[in-house]
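Numbering-wise (the UniProt record's numbering), the sequence shown opens with residue 1 and increments by one.
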Amino acid sequence: MPRFRPILDALPAYRAGKAVVSADGRSFKLSSNESPYDPLPSVVEAVAAAAREIHRYPDPACVGLTEALSARLGVPQEHIALGAGSVTVAQQLFETVGEPGAEVIYAWRSFEAYPLLADLAGVTSVRVPLVEETHDLEAMAAAVTPATRMIFVCNPNNPTGTVNRTAELTAFLDRVPEDVLVVLDEAYREYVRDADVPDGLGLYGDRPNVAVLRTFSKAYGLAGLRVGYLVAQEPVASAVRKTTVPFAVNSIAQAAAIASLAAEDELLERVETVVKERTRVREALLGQGWAVPPTEANFVWLRLGERTAEFAEHCAVDGVAVRPLGEGARVSVGSPEANDAFLDAAARFRAG
Ligand code: PMP
Numbered sequence: 001m002p003r004f005r006p007i008l009d010a011l012p013a014y015r016a017g018k019a020v021v022s023a024d025g026r027s028f029k030l031s032s033n034e035s036p037y038d039p040l041p042s043v044v045e046a047v048a049a050a051a052r053e054i055h056r057y058p059d060p061a062c063v064g065l066t067e068a069l070s071a072r073l074g075v076p077q078e079h080i081a082l083g084a085g086s087v088t089v090a091q092q093l094f095e096t097v098g099e100p101g102a103e104v105i106y107a108w109r110s111f112e113a114y115p116l117l118a119d120l121a122g123v124t125s126v127r128v129p130l131v132e133e134t135h136d137l138e139a140m141a142a143a144v145t146p147a148t149r150m151i152f153v154c155n156p157n158n159p160t161g162t163v164n165r166t167a168e169l170t171a172f173l174d175r176v177p178e179d180v181l182v183v184l185d186e187a188y189r190e191y192v193r194d195a196d197v198p199d200g201l202g203l204y205g206d207r208p209n210v211a212v213l214r215t216f217s218k219a220y221g222l223a224g225l226r227v228g229y230l231v232a233q234e235p236v237a238s239a240v241r242k243t244t245v246p247f248a249v250n251s252i253a254q255a256a257a258i259a260s261l262a263a264e265d266e267l268l269e270r271v272e273t274v275v276k277e278r279t280r281v282r283e284a285l286l287g288q289g290w291a292v293p294p295t296e297a298n299f300v301w302l303r304l305g306e307r308t309a310e311f312a313e314h315c316a317v318d319g320v321a322v323r324p325l326g327e328g329a330r331v332s333v334g335s336p337e338a339n340d341a342f343l344d345a346a347a348r349f350r351a352g
């Protein structure tokens, strides 16, 4: 038997959202914050064209995609580092700053991959509890020690959907020492409609210790292809690029991401529809008597405490997959039909 790293026994499991099917064959997957739309025909065409070249290795530097992103975001190409999904880029960040004895600070509850990646990297997690379902940035700044190497700020936060606004976020950034990397995880940025939530891309320019994490998995609908990226000043971006495995982003993913940027207007129209549905879903839940934190993402959070598992099972009977996460359930905003099925299940749970 090989000797494994002891940490493997203690790793928290990452439980991905699964689809469920009702007895009459209905299935609404609202457990992974995916786009509810089929891929655009232009993206499928780009994928098919790229498929004809799969006997070749992909471009390891993702030149075409980096150029397209640079033009779209208005940032220099050297500020971009691409990876196989933003979760992989997050893992590279641990490779970049993690060393024995290092600490990483993140809010809890937040994106479940943070503790997993920290444990894998052998870095100590410092979890700062949410206050009113929102990052407590003051407490997070106060948690910094000489061992702190990185802080994740998930804005909007997964799974609560809550945000931190400009004044508090800039005050926080001003307070964090410059040798601590602050990662603004903006996986859900495209769904934000509150004008007072700062765009990380407008913040990192005069802050060498700030990195912005983005993904093609949500608004751009490419969750299955795994493309994410980081934007930071050149020293951080190039350090992260050094930690990649060669050819991490495959050729089909690169082609699909380029095609998605070309079709961005259509994709952002879809986001607009999801945002309208988000309002409808939250208001309907409030009308049913649920407490639902205001959400700027493509999901809602229901704090159910001990009834969380029961609620997930109740929804599953109707073919509605929600995501139980400890003390609550996160439910993605899907198609109107899926949202209706969820609202119907939620109403009956409250009534029962
Ligand atoms: N960050 C946050 C906050 C997320 O919710 C997710 C996906 N659930 C990710 C990063 C990772 O997304 P991906 O790896 O698909 O880019």
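From the three backbone atoms N, C-alpha and C, an ideal C-beta is built for every residue, glycine too. Since we're looking at a predicted model, the values are computed, not measured.
Are the CB atoms of residue j and residue i within a distance shorter than 8 Å?
{"i": "Leu267", "j": "Gly221", "result": "yes"}
{"i": "Val183", "j": "Leu137", "result": "no"}
{"i": "Ser125", "j": "Cys154", "result": "no"}
{"i": "Arg226", "j": "Gly85", "result": "yes"}
{"i": "Asn339", "j": "Asn33", "result": "no"}
{"i": "Tyr229", "j": "Val123", "result": "no"}
{"i": "Ala107", "j": "His79", "result": "no"}
{"i": "Gly83", "j": "Gln92", "result": "yes"}
{"i": "Ala312", "j": "Val322", "result": "yes"}
{"i": "Ala139", "j": "Tyr14", "result": "no"}
Kindly give me the distance between the Cβ atoms of residue i and residue j, rounded to whole angstroms, as I take these residues to be in contact under 8 Å.
{"i": "Gln288", "j": "Ala346", "result": "6 Å"}
{"i": "Asn250", "j": "Pro58", "result": "5 Å"}
{"i": "Leu181", "j": "Ala211", "result": "6 Å"}
{"i": "Val43", "j": "Ala256", "result": "5 Å"}
{"i": "Met150", "j": "Val104", "result": "5 Å"}
{"i": "Pro185", "j": "Phe152", "result": "For clarity, residue 185 is Asp in the given sequence; the question names Pro instead. Between Phe152 and Asp185 the Cβ distance is about 6 Å, and since that is below 8 Å, they are a contact."}
{"i": "Ala143", "j": "Gly101", "result": "At roughly 16 Å, the Cβ-Cβ gap does not stay under 8 Å, so Ala143 and Gly101 are not in contact."}
{"i": "Val47", "j": "Ile258", "result": "The Cβ separation is near 11 Å, so there is no contact."}
{"i": "Arg52", "j": "Leu261", "result": "With a Cβ gap of about 21 Å, Arg52 and Leu261 do not count as contacting."}
{"i": "Arg296", "j": "Pro156", "result": "A small fix is needed here, since residue 296 is Glu in this sequence, not Arg. Contact flag correct, Cβ pair sits at about 4 Å."}
Helix, strand or coil for residue i per DSSP?
{"i": "Gly83", "result": "strand"}
{"i": "Asp179", "result": "coil"}
{"i": "Cys62", "result": "coil"}
{"i": "Glu283", "result": "helix"}
{"i": "Asp136", "result": "coil"}
{"i": "Glu99", "result": "coil"}
{"i": "Leu261", "result": "helix"}
{"i": "Ser70", "result": "helix"}
{"i": "Gly205", "result": "helix"}
{"i": "Leu325", "result": "strand"}
Check your reading: residues with Cβ closer than 5 Å to ligand 1 heavy atoms: With the cut-off at 5 Å, the residues found are Gly85, Ser86, Val87, Phe111, Cys154, Asn158, Asp185, Ala187, Thr215, Ser217, Gly228.
query: For the 8 Å Cβ check, are there 3 or more pairs between the region 16 to 26 and the region 231 to 244?
result: Touching, no.
query: Would you call the region 300 to 313 and the region 2 to 17 in contact, with 3 or more CB pairs under 8 Å?
result: Contact between the region 300 to 313 and the region 2 to 17 is absent, because fewer than three Cβ pairs lie under 8 Å.
- request: Would you check if the region 183 to 198 and the region 152 to 166 touch, i.e. whether three or more CB-CB distances between them fall below 8 Å?
  value: A contact is defined here as three or more CB-CB pairs under 8 Å, and the region 152 to 166 meets this definition with respect to the region 183 to 198.
message: Is it the case that the region 115 to 131 contacts the region 273 to 287, given that we only count it when at least three CB pairs across the two stretches are under 8 Å?
response: At 8 Å Cβ cutoff, the stretches do not touch.
message: Would the region 322 to 338 count as touching the region 26 to 43 if we require 3 or more Cβ pairs under 8 Å?
response: Touching, yes.
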